[in-house]
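Student:
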Amino acid sequence: MLIMISSLSVGPPAFRLVWVRGIVKTMDSSSAPQPVVMTLPYSDFRDEDFSKAIIEYKQAKADGSQGSNLEERLLEELFLRYPTVYIVSADERDSSKKHGGEPPYVVYVGETNDIRSRTRQHIELDPRTRTDWERLVRFMRNHQDRVSQYIIGDRHFNKSLTLDMENRLMGYMQSVDAVKLVMNRRTNAQDMYYTSDEFDSIFSKAWQTLHEMEPDLFPEEKAILDSALFKASPFRKLTDEQRRAEEAVLHVLESVIIQNPGEGFHSMTESTGPVQIDGDADTQVIVVQGMSGTGKTVLLSHLFYQICARYGIYGNLNGDDDNHSSKARQRSYIIVNQTEQANVYNQMALKLGLQKKRGQCVVGAVQFINRFSKHTNRNGRSTGRAADPMNSVDAKADVVLIDEAHLLLTQGSQSYSGSNQLYDILRRAKVAIVVFDPEQVLRGSQFVDAQESRLLGLTGSEHDKAFSQPMHIREKSRDGQAHEDTFQVSHVRLDQQMRIQADPATCAWLDRMTAKDGVIEPLHPDPWEHPYEIKVFDSPKDLREFIRYKDREQRGEGSLGLCRLLATYDWPYSSKKHPDPLDSSRHWQVVLRQGDSGQWVWAEEGQEGDGEFAMPWNYELYEAQGNSAANHRIAWAELPFTIDEVGSIFTIQGFDLNYAGVIIGPSVTYRNGKIKFEPKFSCNTLATNHRSEPEMNPVDNLRHEFNVLLKRGVHGLGLFAVDPELRNRLAWAVGGFARVQV
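Under my numbering, residues 367 to 1108 are what the sequence shown spells out, in order.
As structure tokens, then:
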């Protein structure tokens, strides 16, 4: 039996003995505890087998000595009598295939006060009630050398700390590229407890030890923290504000659940039997409002996993997506309206076992509406989609969560024959949790009029308090018939800035600049230990070098880098045609030229040379990189080659960067002491064309785009503005232009 202990804490308070693969070192114990990590094959252990495993480790020491009885007793006591955290991993990769397709690892994370008993329970009892454990144990019987258990222990461990460690490990493992499934079904984040101040350090040391043991399964911690999957993980610990918002949402959900046998919610916490939401009641709508960076995505992800864990709303995972019968539908869905975010949510749901293939519980708005619609027209003929979404409701999902609901269409399109996607979704849900930020509406087809804003509680004094009110909708269907719906709307709000790691004054400076009457005031130094960096450059080349330097710096610390250039949509781009049909090597680009006066000016095309700047728009280099299936699963900013591209609002909305470098094009200027937007210079016709929505103001859409771009950076922001007055005012505000020495 192969036993490996990567670090061991056995000595008196004055010192620690630490073994790393047979190497003995001493550590100063004045720092936070160094947890012990042991790994051994997973199998049917008897009590004496586990004790023997610890003793055998001593025989494998580098010097060949047996070790003292004291050390053996301390080891045995640490693992068998103290709380421990463990990770079971099964490497299911097919040795006949090259690694690079489906991730190979299935993992389970747990904590226990009796590791021997818990191991026996997993192997002997859990397969009787859980198909995932039955599958894992069967795999173990056939491939015992490919199933391992990592056990973490320390004398500072207590129940709360091990629950916290279990919870964070679940979030980390769900974010690892090599993991295809995390078998856990609950979150365990703890609040304050004795030794909670030591938790971060203890966890990081344990993870570093795991990384040294198996880097493929346990990558660098900073790479995990940078990943889009981790940032959307349901295992993230909520802030007090997020927790209160979640409690408010769950309270509304509880209030509409009635005791009634039959299909529907099956309570995982109560002994009163099955419960069901009354399908005849008005749809309950909970609007979660928050500006960019206030943690809406984390809250939504946490809510979805909580609902699935608490009520068992996993739905029919064997249903065919093309089968529109109610039996094939799931009970809960996340509707995601941004392609990049849909990739993240699909991966998360697959890894957590909430869906067996993409698109089962993570869907787009049109896909959801069609799935819950009758597919016949007035003549009874079958159609490929809902002919009239208002009159074709076929059934209701129990719970629908809508991310970025401000991106839903409020008018018809080529793929959508209705007039308001939000209303058509609400007609097909018993409970809808709607995440909305009116400051992120980006185009005329998403325009929300004053009446809808008022009904959703997005205007007026309701901003500052929770409330509940009925929402009456009167519309005419395509055949001219009057149609009326009533939705009961509740409202919660998130205000705390979670993305930008800056002092409140810096956050307020950005808010004032992106407000309706945008002003640029002097920026006072950030007093924090690691201040938020805001740099203004008088050359786009300097901005590019700054971002590339920061990306290298971040990667040198083990992160994904996540420093990228972005730009306002002021340069042409089309995903449907090539910029030059005769030259396939040409790309849609962000281009600037330096005139004789030294000023940088907007340009439409050209090759970069002396005094010229040109970089491809996002995904223009995609095909040159192989356009692999693996790349489809990765967010734009996490792809290494995108350091040589410029991101847009369409690829970065909803995502974080460590440092964002924003090229502010000619559609944003500075005149008479205020920021001014010039729609005529924007290439985003979806934002500026208001013929279909006369009430829509293109200036608001451009301001929202500006707001989203400026609030992507977690640690810093670099700026270059094409408009000279804006560029000079920004430099004045931050104390001058920054210089980059290449």
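Every residue, glycine too, gets a C-beta built ideally from N, C-alpha and C.
Remember, predicted model here, so these are calculated numbers, not experimental data.
With a threshold of 16 other CB atoms inside 10 Å of the CB of N736, please say whether the residue is buried or exposed.
Tutor: Taking the first residue of the sequence shown as 1, we reach residue 736 at position 370. So N736 ends up on the buried side.
Student: Taking buried to mean at least 16 other C-beta atoms within 10 Å of its own C-beta, is R910 buried or exposed?
Tutor: Along the sequence shown, one-based indexing puts residue 910 at 544. R910 should be labelled buried.
Student: By DSSP, does F912 sit in helix, in strand, or in coil?
Tutor: Translated into positions along the sequence shown, residue 912 becomes position 546. DSSP places F912 in helix when its eight states are reduced to three.
Student: Taking the alpha-carbon positions, what's the S483 to D557 distance?
Tutor: Reading the sequence shown from its first residue, position 117 is the one you call residue 483. Reading the sequence shown from its first residue, position 191 is the one you call residue 557. Rounded to the nearest angstrom, the two C-alpha atoms are 28 angstroms apart.
Student: With I517 and F445 assumed to form a contact (beta carbons below 8 angstroms), what rounded beta-carbon distance in angstroms separates them?
Tutor: Here residue 517 refers to the residue found at position 151 when the sequence shown is read from its first residue. Here residue 445 refers to the residue found at position 79 when the sequence shown is read from its first residue. About 6 angstroms; that satisfies the 8 angstroms criterion.
Student: So E607 is in the alpha helix (DSSP H); what residue range does that whole segment cover?
Tutor: By one-based count along the sequence shown, residue 607 stands at place 241. First-last of the alpha helix (DSSP H) with E607: D606 to S621.
Student: Report the start-end ranges of each alpha helix (DSSP H) in the stretch 529 to 580 that is 4 residues or longer and not cut off at the edges.
Tutor: Those alpha helix (DSSP H) runs which fall completely within the stretch 529 to 580 and span 4+ residues are 565 to 579.
Student: So what's G430 in DSSP terms, helix, strand or just coil?
Tutor: As a position in the sequence shown, residue 430 is number 64, starting the count at 1. Unreliable placement is indicated for G430, whose pLDDT of 47 sits below 50; the coordinate value is still reported in the next sentence. Of the three classes helix, strand and coil, the one that applies to G430 here is coil, per DSSP.
Student: Confirm, please, whether the CB-CB distance from H522 to I453 is below 8 angstroms.
Tutor: Looking up residue 453 in the sequence shown gives position 87. Looking up residue 522 in the sequence shown gives position 156. Their beta carbons are not under 8 angstroms apart, which means I453 does not touch H522 by this criterion.
Student: Could you check if Y560 is buried or exposed, using at least 16 other CB atoms within 10 Å of its CB as the buried criterion?
Tutor: As a position in the sequence shown, residue 560 is number 194, starting the count at 1. Its Cβ having fewer than 16 others within 10 Å, Y560 is exposed.
Student: Where do the N-terminal and C-terminal ends of the beta strand (DSSP E) with L767 fall, by residue?
Tutor: The count along the sequence shown starts at 1 and reaches residue 767 at position 401. Looking at the DSSP string, the run of the beta strand (DSSP E) that includes L767 is A763 to D769.
Student: Buried or exposed: which applies to T663, given that a residue is buried once 16 or more other Cβ atoms fall within 10 Å of its Cβ?
Tutor: As a working mapping, residue 663 is identified with position 297 in the sequence shown. With 16 or more Cβ atoms within 10 Å of its Cβ, T663 is classed as buried.
Student: Reducing DSSP to helix, strand and coil, say where F505 ends up.
Tutor: Here residue 505 refers to the residue found at position 139 of the sequence shown. Three-state result, F505: helix.
Student: Could you have a look at Y331 and say whether DSSP puts it in helix, strand or coil?
Tutor: In this structure the chain extends from 367 to 1108, so residue 331 is not present and cannot be described.
Student: Can you name the start and end residues of the beta strand (DSSP E) that L1023 belongs to?
Tutor: One-based indexing of the sequence shown puts residue 1023 at position 657. Unbroken beta strand (DSSP E) run through L1023: L1023 to I1030.
Student: Considering Cα atoms alone, identify which of N1038, W983, F1007 and R999 is closest to L1029.
Tutor: As a working note, residue 1029 is residue 663 in the sequence shown. Correcting the residue type first, residue 1029 is Ile in the shown sequence and not Leu. That would be W983, whose Cα lies nearest to the Cα of I1029.
Student: Counting only runs that start and end within the stretch 915 to 946, where is the alpha helix (DSSP H) found for 4 or more residues in a row?
Tutor: Segments of the alpha helix (DSSP H) lying fully in the stretch 915 to 946: there are none.
Student: To the nearest angstrom, how far is the alpha carbon of A771 from that of S409?
Tutor: Position 405 of the sequence shown, counting from 1, holds the residue named residue 771. Position 43 of the sequence shown, counting from 1, holds the residue named residue 409. If you take the alpha carbons of A771 and S409, they lie about 48 angstroms apart.
Student: Going by beta carbon distance, what residues of the same chain come within less than 7 angstroms of G659, once the five residues before and after it are set aside?
Tutor: Counting from one through the sequence shown, the residue named residue 659 turns up at place 293. If we look at G659 and ignore the five residues flanking it on each side, its Cβ neighbours are Q863, M864, R865, I866 and K1077.
Student: When DSSP builds the beta bridges, which residues end up paired with I700?
Tutor: Taking the sequence shown and counting its residues from 1, the one referred to as residue 700 is at position 334. According to DSSP, which records beta bridges pairwise, I700 is partnered with V728 and L767.
Student: Do P1032 and D936 count as a contact pair if the criterion is CB distance below 8 angstroms?
Tutor: On the sequence shown, position 570 is the one that residue 936 refers to. On the sequence shown, position 666 is the one that residue 1032 refers to. Contact flag set, yes.
Student: Using DSSP with H/G/I as helix, E/B as strand and the rest coil, what is W954?
Tutor: Residue mapping note: residue 954 aligns to position 588 of the sequence shown, counting from 1. In this structure, W954 counts as coil in the three-state DSSP scheme.
Student: Going along the chain, which residues of its own chain have a beta-carbon closer than 6 angstroms to the beta-carbon of F1086, five neighbours each way excluded?
Tutor: Against the sequence shown, residue 1086 aligns to sequence position 720. Within the same chain, F1086 has close Cβ partners F903, P906, L909 and I1029.
Student: Exposed or buried, which one is D946 when buried takes at least 16 other CB atoms within 10 Å?
Tutor: For the purposes of this step, residue 946 is taken as residue 580 along the sequence shown, with counting starting at 1. With fewer than 16 other Cβ atoms within 10 Å, it is exposed.
Student: Does the stretch 535 to 551 come close enough to the stretch 507 to 517 that 3 or more CB-CB pairs lie under 8 angstroms?
Tutor: No: the two stretches stay apart, fewer than three of their Cβ pairs being nearer than 8 angstroms.
Student: Are V315 and L822 touching if we call contact CB-CB under 8 angstroms?
Tutor: Only positions 367 to 1108 of the chain appear in this structure, which leaves residue 315 out of reach.
Student: Please confirm whether M756 has its beta-carbon closer than 8 angstroms to some beta-carbon of chain C.
Tutor: Protein chains in the displayed structure number just one, and chain C is not present.
Student: Helix, strand or coil for H465 per DSSP?
Tutor: One-based indexing of the sequence shown puts residue 465 at position 99. Confidence at H465 is low in this model, with a pLDDT of 47, below 50, so its placement is unreliable and no value can be given for it.
Student: In its own chain, which residues sit with a C-beta less than 6 angstroms from the C-beta of I1041, not counting the 5 before and 5 after it?
Tutor: Here residue 1041 corresponds to residue number 675 of the sequence shown, with the count starting at 1. Taken in chain order, the residues that qualify are G884.
Student: Pull the bridge partners of V654 from the DSSP assignment, please.
Tutor: Working through the sequence shown from its first residue, we reach residue 654 at position 288. Note: V654 sits in a beta bridge opposite V801 and V858.
Student: Residues in the same chain with beta-carbon distance under 8 angstroms from S925, minus the five sequence neighbours each way, listed in chain order, please.
Tutor: Along the sequence shown, read from residue 1 onward, the residue named residue 925 stands at position 559. Here the set comprises E586, K588, A589, L591, D592 and N1024.
Student: Just to confirm my understanding: we take D498, look at its own chain, exclude 5 residues before and 5 after, and list those with CB closer than 6 angstroms. What are they?
Tutor: Within the sequence shown, the letter at position 132 stands for residue 498. M549, listed in sequence order.
Student: Select from D511, T450, Q574 and D962 the residue whose C-alpha is nearest the C-alpha of R459.
Tutor: As a first step, residue 459 is located in the sequence shown; it is residue number 93 there, counting from the start. Taking only the C-alpha atoms, the option nearest R459 is D511.
Student: Just verifying my parser: in three-state terms, what is the DSSP assignment at M864?
Tutor: Here residue 864 refers to the residue found at position 498 of the sequence shown. In the structure shown, M864 sits in coil (DSSP, three-state: anything other than H, G, I, E or B).
Student: Between which two residues does the alpha helix (DSSP H) harbouring L359 extend?
Tutor: In this structure the chain extends from 367 to 1108, so residue 359 is not present and cannot be described.
Student: How long is the line joining the alpha carbons of D687 and F738, rounded to whole angstroms?
Tutor: For the purposes of this step, residue 687 is taken as the residue at position 321 of the sequence shown. For the purposes of this step, residue 738 is taken as the residue at position 372 of the sequence shown. Caution applies to D687, whose pLDDT of 38 falls short of 50 and renders its modelled position unreliable; the value that the coordinates give is listed next. Cα to Cα, the separation comes out at about 11 angstroms.
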